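Participant: In the order they appear, the protein sequences are chains A and B. Take 1 as the starting number for the first sequence in the working numbering and just add one per residue. Take 1001 as the starting number for the second sequence in the working numbering and just add one per residue. Beta carbons: idealized from backbone N, C-alpha and C, even for Gly. It should be emphasised that the depicted structure is a prediction, and the values quoted were computed from it without experimental measurement.
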Amino acid sequence: MIVYILRRLGATLIVMAVVALFVFSLLFLTPGDPAAVIAGDVATADDIQRIRAKLGLNEPFLVQFGGWVGRLLHGDLGTSIFTNLPVTKLIGQRVQPTVSLTLLTLVVAVLIAVPLGVVAAARAGTWTDRLVMGFSVLAFSVPVFVLAYLLIGLFSIRLEWLPVQGYRPLGEGFWPWLSHLILPSLALGTVYMALIARITRAAMLDVLAQDYIRTANAKGLAPRAILMGHALKNAGVPVITVIGIGVALLISGAIVTETVFAIPGIGRLTVDAILRRDYPVIQGVILLFSGIYVLINLLVDLSYTFFDPRIRY
Amino acid sequence: MTQAVLAVQRPVSPTWQRLRDAFRRHPTAIVGVVVLVAMVLIALLSPWLGTVDPQAISPIQRLKQPSMEHWFGTDTLGRDVYSRVLYGSRISLTVGIAVATLSIAIGLAIGLVTGFVRWLDAVVMRVMDGLMSIPSVLLAIALMALTRASVGNVILAITLAEVPRVVRLVRSLVLSLREQPYVEAAIASGTRLPLILLRHILPNTVAPLLVQGTYICASAMITEAILSFIGAGTPPNIPSWGNIMAEARSLFQIAGYLILFPGLFLSVTVLAVNLLGDGMRDALDPRLARRM
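Put into structure tokens, the structure is as follows:
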């Protein structure tokens, strides 16, 4: 077990090193002068030179990369070109809204999607099943921001139940915080729910075809007990895997959702950085999000033994 | 019971026949095909479908609600949204099809080689793992931030984000195919590697890649819209569904139609591609069909 964890940690480090190398070398791989692109169309030669110097583009690649990694390991993600503030500070200021949004979405989506998938599998072939599957195909087809505007149009503008945009910190009270996150979470979580419900259903159908389920049925166990006790626990591995993989959807979606709902989070920071071509900030955000994504999937891998004791490392 | 026996006895049908059978079982896939054909026609025929120049600015006609004159209303510069949405279908379809074709071609090439060359496999797969751990929209954003906005760059950026998943798929197919007796026989009889790939491996990757390709097409269209929406995609002067919606970002309370119409077209197109993909998957992968 310990050996396995260490090996997985090693693999994770390699993956993160590849991510870092890739994100860094993008500056060099892209055609043309990145400094000129970042500076924009109205930049003077001085501006471009200033950005070149700031990004360290005048030095050899390996020197630059070494210095960058060294600073990275000390928790320094560089300095924003636009605001001249450290990227870590910029991200730090924006953490709470994004964590609130994604965590709330994750928890609510899992709590809704897994039961949906279970019900669909238990009633496979019925209208309930078709409804759940239909919802899932539909959810895969509507982009996050279109759904977001539809929700705003219905619940905020037409019915006036919830605020249109904005964010309130948790410190200002629970309801103001929650009311500003309901619609964003719904918009962000729909495709995630569709994915989880679909995989849960597929995994449950596999398990429900097993002999021990028939045995449980034969000995007269209540259907609910079979579904929850026998089937769901054994369908745990694919379900927890897709919950981990789907976090990528939450991360990508958060960028768009925060834009639509004017939530001052890391996603909004990313979009602002794109519009200003503030590459150090983009770099930092990608590294951070990829790191979190890799970490979550590492935890998912390690949790397999809990769901399936047959898996031994 | 009788049906099951009959199904077992029936000989394995060729790909196109299985497709036809599956479409008969899945009327939704036919709906998908019909909608897609309609979209392609709209894209090709957009100049003759009652549209005006999608770029024509008309300051007096700014932000007009949908009417008989402007079916989908007008935007902040007085441009006709109906014309822009119709012309926008060209961008979405181009991006979707180009990304699907390119990423399958590149992924197939890399996957075939890495599946057979052991030392390369370890290196390439670590790189792919790294790329895959960057959420694909973020990866495309990073690429777009460093290049000038153009449809070509959007296609390349999304392709690069999709390639690792194709490589994964092809590699797993190759790894299981190379253990097949007929491949071992080919190796034993001294067939050269390129010929083995071409004759024995490649034909067996067509079906899964066809299915994967439709899903890539669907997700590429959504990614293009997302990129354009946040200002890192198709250049603003080219009408694309994402761009039309991006312009409505600050106006959606007074001009919801700017989101509604392109959003509807985009969703319906992506839905059609997904339905087609589901139908093809059921046809070409009977094992998965039962479950998904």
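Taking Cβ-Cβ distances shorter than 7 angstroms, what residues in chain B pair up with A/Phe289?
Facilitator: Your numbering for residue 289 of chain A matches position 289 in the first sequence. Near A/Phe289 (Cβ distances below 7 angstroms), the residues of chain B are Pro1135 and Leu1138.
Participant: Here's the rule: buried if 16 or more other CB atoms are within 10 angstroms of the residue's CB, otherwise exposed. What is A/Gly92?
Facilitator: On the first sequence, position 92 is the one that residue 92 of chain A refers to. It is exposed - the Cβ of A/Gly92 has fewer than 16 other Cβ atoms within 10 Å.
Participant: Residue ranges of each alpha helix (DSSP H) run of no fewer than 4 residues wholly in the region 165 to 219 of chain A, ordered along the chain?
Facilitator: 174 to 179, 182 to 208 and 211 to 218
Participant: I'd like to check one pair, A/Tyr293 with B/Ser1136: are the Cβ atoms closer than 7 angstroms?
Facilitator: Position 136 of the second sequence holds residue 1136 of chain B. Position 293 of the first sequence holds residue 293 of chain A. Their beta carbons are not under 7 angstroms apart, which means B/Ser1136 does not touch A/Tyr293 by this criterion.
Participant: Of all the residues that make up the region 185 to 199 of chain A, which are near chain B by a beta-carbon distance shorter than 8 angstroms?
Facilitator: Arg198
Participant: Residues of chain B with CB closer than 7 angstroms to the CB of A/Val142, please, in chain order.
Facilitator: Locating residue 142 of chain A in the first sequence gives position 142, counting from the first residue. Correct list: Ser1267.
Participant: Need the endpoints of the alpha helix (DSSP H) that A/Gly75 sits in, please.
Facilitator: For this step, residue 75 of chain A is matched to residue 75 along the first sequence. Per DSSP, A/Gly75 belongs to no alpha helix (DSSP H) and is neither H nor E.
Participant: How about A/Ala120 and A/Val132: are their beta carbons less than 7 angstroms apart?
Facilitator: Translated into positions along the first sequence, residue 120 of chain A becomes position 120. Translated into positions along the first sequence, residue 132 of chain A becomes position 132. Their beta carbons are under 7 angstroms apart, which means A/Ala120 touches A/Val132 by this criterion.
Participant: With a threshold of 7 angstroms between beta-carbons, can A/Val294 be considered close to chain B, or not?
Facilitator: Walking along the first sequence from the start, residue 294 of chain A turns up at place 294. Answer yes: the Cβ-Cβ gap between A/Val294 and chain B drops below 7 angstroms somewhere.
Participant: Sort A/Arg201, A/Val114 and A/Gly265 by Cα distance to A/Gly125 and report the nearest one.
Facilitator: As a first step, residue 125 of chain A is located in the first sequence; it is residue number 125 there, counting from the start. Nearest C-alpha to A/Gly125: A/Arg201.
Participant: For A/Asn214 and A/Ala225, what's the separation of their Cα atoms in angstroms?
Facilitator: By 1-based counting over the first sequence, the position of residue 214 of chain A is 214. By 1-based counting over the first sequence, the position of residue 225 of chain A is 225. Note on residue identity: the sequence assigns Arg, not Asn, to residue 214 of chain A. Going by C-alpha positions, A/Arg214 is about 13 angstroms away from A/Ala225.
Participant: Can you check the region 52 to 135 of chain A for any alpha helix (DSSP H) of at least 4 residues that lies completely inside it and give the ranges in chain order?
Facilitator: 61 to 73 and 87 to 122
Participant: Against B/Val1270, what residues of chain A qualify as contacts under a CB-to-CB distance less than 7 angstroms, listed in chain order?
Facilitator: The sequence position of residue 1270 of chain B within the second sequence is 270, counting from 1. The contacting residues are Ser141.
Participant: Just how far apart, CA to CA, sit B/Phe1072 and B/Trp1241?
Facilitator: By one-based count along the second sequence, residue 1072 of chain B stands at place 72. By one-based count along the second sequence, residue 1241 of chain B stands at place 241. C-alpha separation (whole angstroms): 13 angstroms.
Participant: Answer yes or no: do B/Met1125 and B/Pro1164 have a C-beta to C-beta separation smaller than 7 angstroms?
Facilitator: Working through the second sequence from its first residue, we reach residue 1125 of chain B at position 125. Working through the second sequence from its first residue, we reach residue 1164 of chain B at position 164. Not in contact: B/Met1125 and B/Pro1164 (Cβ atoms no closer than 7 angstroms).
Participant: List the residues that DSSP assigns as beta-bridge partners of B/Thr1074.
Facilitator: As a first step, residue 1074 of chain B is located in the second sequence; it is residue number 74 there, counting from the start. B/Asp1080, per the DSSP bridge assignment.
Participant: A/Ala222 lies in the alpha helix (DSSP H); which residues open and close that run?
Facilitator: Numbered from its first residue, the first sequence carries residue 222 of chain A at position 222. Under the DSSP assignment, A/Ala222 falls outside any alpha helix (DSSP H); it carries neither an H nor an E label.
Participant: Got a sec: which bits of the region 244 to 260 of chain A sit with their beta carbon under 7 angstroms from any beta carbon on chain B, in order along the chain?
Facilitator: For the region 244 to 260 of chain A, which is checked against every Cβ of chain B, the residues closer than 7 angstroms are Ala248, Ile251, Ser252, Ile255, Val256 and Thr259.
Participant: For a contact meaning CB atoms closer than 7 angstroms, what does A/Ile274 contact in chain B?
Facilitator: Taking the first residue of the first sequence as position 1, residue 274 of chain A is located at position 274. Near A/Ile274 (Cβ distances below 7 angstroms), the residues of chain B are Ile1141, Ala1145, Ile1230, Gly1231 and Ala1232.
Participant: According to DSSP, simplified to helix, strand and coil, what is B/Ser1103?
Facilitator: Within the second sequence, residue 1103 of chain B is the residue found at index 103, counting from 1. B/Ser1103 falls in the helix class under three-state DSSP.
Participant: What whole-angstrom Cβ distance do A/Leu183 and A/Leu162 have, given they're in contact under 8 angstroms?
Facilitator: Along the first sequence, one-based indexing puts residue 183 of chain A at 183. Along the first sequence, one-based indexing puts residue 162 of chain A at 162. 6 angstroms between Cβ atoms; contact.
Participant: B/Lys1064 to A/Leu181, Cα distance in whole Å?
Facilitator: Taking the first residue of the second sequence as position 1, residue 1064 of chain B is located at position 64. Taking the first residue of the first sequence as position 1, residue 181 of chain A is located at position 181. In a straight line, the C-alpha of B/Lys1064 is about 32 angstroms away from that of A/Leu181.
Participant: Check for me: the alpha helix (DSSP H) holding B/Val1033 runs from which residue to which?
Facilitator: Here residue 1033 of chain B corresponds to residue number 33 of the second sequence, with the count starting at 1. Unbroken alpha helix (DSSP H) run through B/Val1033: Pro1027 to Leu1045.
Participant: Check distances from the C-beta atoms of the region 1093 to 1118 of chain B to those of chain A and list, in chain order, the residues that come in under 9 angstroms.
Facilitator: Closer than 9 angstroms at the C-beta level to chain A, one finds no residue of the region 1093 to 1118 of chain B.
Participant: Within 7 angstroms of any Cβ in chain C, is that where the Cβ of A/Arg277 sits?
Facilitator: Absent from the structure: chain C. Protein chains present are A and B.
Participant: Tell me whether the region 1217 to 1233 of chain B and the region 1028 to 1046 of chain B touch, counting them as touching only if at least three CB pairs, one residue from each stretch, are closer than 8 angstroms.
Facilitator: no
Participant: A/Ala231 to A/Leu208, Cα distance in whole Å?
Facilitator: Within the first sequence, numbered from 1, the residue matching residue 231 of chain A stands at position 231. Within the first sequence, numbered from 1, the residue matching residue 208 of chain A stands at position 208. Distance between the alpha carbons of A/Ala231 and A/Leu208: 6 angstroms.
Participant: With DSSP collapsed to three states, give me the class of A/Lys233.
Facilitator: Taking the first residue of the first sequence as position 1, residue 233 of chain A is located at position 233. Helix.
Participant: How big is the Cα-Cα spacing for B/Trp1119 and B/Ala1140?
Facilitator: For the purposes of this step, residue 1119 of chain B is taken as the residue at position 119 of the second sequence. For the purposes of this step, residue 1140 of chain B is taken as the residue at position 140 of the second sequence. CA-CA distance, B/Trp1119 to B/Ala1140, rounds to 29 angstroms.
Participant: Classify A/Glu160 as helix, strand or coil using the three-state DSSP reduction.
Facilitator: The residue you call residue 160 of chain A lines up with position 160 of the first sequence. In the structure shown, A/Glu160 sits in coil (DSSP, three-state: anything other than H, G, I, E or B).
Participant: With distances taken from CA atoms, which of B/Ser1219, B/Pro1203 and B/Pro1239 is nearest B/Ser1103?
Facilitator: The residue given as residue 1103 of chain B occupies position 103 in the second sequence. Nearest of B/Ser1219, B/Pro1203 and B/Pro1239 to B/Ser1103, Cα basis: B/Ser1219.
Participant: Taking A/Gly153 as the query, report the chain B residues whose CB atoms sit under 7 angstroms from its CB, ordered along the chain.
Facilitator: The sequence position of residue 153 of chain A within the first sequence is 153, counting from 1. What A/Gly153 touches in chain B: Gly1256.
Participant: Establish whether the CB of A/Leu159 and some CB of chain B are separated by less than 7 angstroms.
Facilitator: One-based indexing of the first sequence puts residue 159 of chain A at position 159. It does not; no Cβ of chain B falls within 7 angstroms.
Participant: Measure from the C-beta of A/Tyr4 to each C-beta in chain B and report whether the shortest distance is under 7 angstroms.
Facilitator: By one-based count along the first sequence, residue 4 of chain A stands at place 4. Chain B, which has no Cβ nearer than 7 angstroms to the Cβ of A/Tyr4, makes this no.
Participant: Let me make sure I understand the geometry here. Which of A/Gln283, A/Val256, A/Leu288 and A/Asp301 has the alpha-carbon closest to that of A/Ser25?
Facilitator: What you label residue 25 of chain A is simply residue 25 of the first sequence in a count that begins at 1. Selected option, being the one with the closest Cα: A/Gln283.
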